[in-house]
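Below is one structure, written out as structure tokens, with a few remarks after it.
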Amino acid sequence: MADSEFPGRWVLTLGYLVIAAALTFCRLLPLDSLPTAWAGPDLLICVTMAWMLRRPDSVPMVLIAMVALMGDLLFQRPPGLWAAITVGLSDFLRRREEGLRDAPFPLEWGVVGLAFVMSKLLYRIVQTLFVVPNEPLGLTLTQIVVTIAAYPLVVLALNTLFGLRRAAPGEVDSLGHKR
Numbered sequence: 463m464a465d466s467e468f469p470g471r472w473v474l475t476l477g478y479l480v481i482a483a484a485l486t487f488c489r490l491l492p493l494d495s496l497p498t499a500w501a502g503p504d505l506l507i508c509v510t511m512a513w514m515l516r517r518p519d520s521v522p523m524v525l526i527a528m529v530a531l532m533g534d535l536l537f538q539r540p541p542g543l544w545a546a547i548t549v550g551l552s553d554f555l556r557r558r559e560e561g562l563r564d565a566p567f568p569l570e571w572g573v574v575g576l577a578f579v580m581s582k583l584l585y586r587i588v589q590t591l592f593v594v595p596n597e598p599l600g601l602t603l604t605q606i607v608v609t610i611a612a613y614p615l616v617v618l619a620l621n622t623l624f625g626l627r628r629a630a631p632g633e634v635d636s637l638g639h640k641r
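641 is the number that the working numbering gives the last residue of the sequence shown; the numbers go up by one with no jumps.
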């Protein structure tokens, strides 16, 4: 018997994968060869966090781990470190999705911002412990600020383009399962 929710879930999964590939490709493009004084937002982590708080069942953790590990390899970060932190962050947000479902957006934004700050702090601590060169602290701080500032815009874009919104309390799928 065919599951009527199956195509919708796979469309969202494929949408996440396409967005992740496009963001990774855009970061790899040599658009500016001069070093900058500030770092841009980490849009991929913004998309992942927004997805986990809206439709956590549509993106498996294995896919998030593969996308993050591919990012580690392509961006020449320590392999697996940011991927492990991203999976931990995604699991943290997935577990809080139901509690934040009917919370106002500023509270969600605050939770996401605090979780991202803690993730970047953990990343720097682990790099320091293993004597791996860190980027300058100023770049990390600007990336944290602009990533947190970009989160509402990413949520708006995902809502507009994909219709990705938070599940309403008590919302069920076509089979009667709670989301």
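Beta carbons are placed, not taken as given, at the ideal position from N, Cα and C, and that holds for glycine.
* Asked: Does the Cβ-Cβ distance between Y585 and W544 come in under 9 angstroms?
  -> Yes.
* Asked: Which residues bound the alpha helix (DSSP H) around Q605?
  -> First-last of the alpha helix (DSSP H) with Q605: 599-624.
* With a threshold of 16 other CB atoms inside 10 Å of the CB of L474, please say whether the residue is buried or exposed. => Looking at its Cβ environment, which holds 16 or more other Cβ atoms inside 10 Å, L474 is buried.
* **Whole-angstrom C-beta distance between I526 and S552, which should lie under 8 angstroms** => Your pair S552 and I526 checks out as a contact, with CB atoms roughly 5 angstroms apart and the cut at 8 angstroms.
* To do: State the start and end residues of the unbroken alpha helix (DSSP H) segment that holds F554.
  => From DSSP, the alpha helix (DSSP H) with F554 extends over 543-562.
* Which first and last residues belong to the alpha helix (DSSP H) in which T510 is found? -> Secondary structure note for T510: its alpha helix (DSSP H) is the uninterrupted segment 505-516.
* Can you check whether the CB of A501 is closer than 9 angstroms to the CB of L601? -> The answer is yes: Cβ separation under 9 angstroms.
* **Rounded C-alpha distance that separates L506 from T486** => Distance between the alpha carbons of L506 and T486: 8 angstroms.
* Taking 9 angstroms as the cut-off, decide whether the C-beta atoms of P540 and Q589 are in contact. => Contact flag set, yes.
* Local conformation of P595 per DSSP, three classes -> In this structure, P595 counts as coil in the three-state DSSP scheme.
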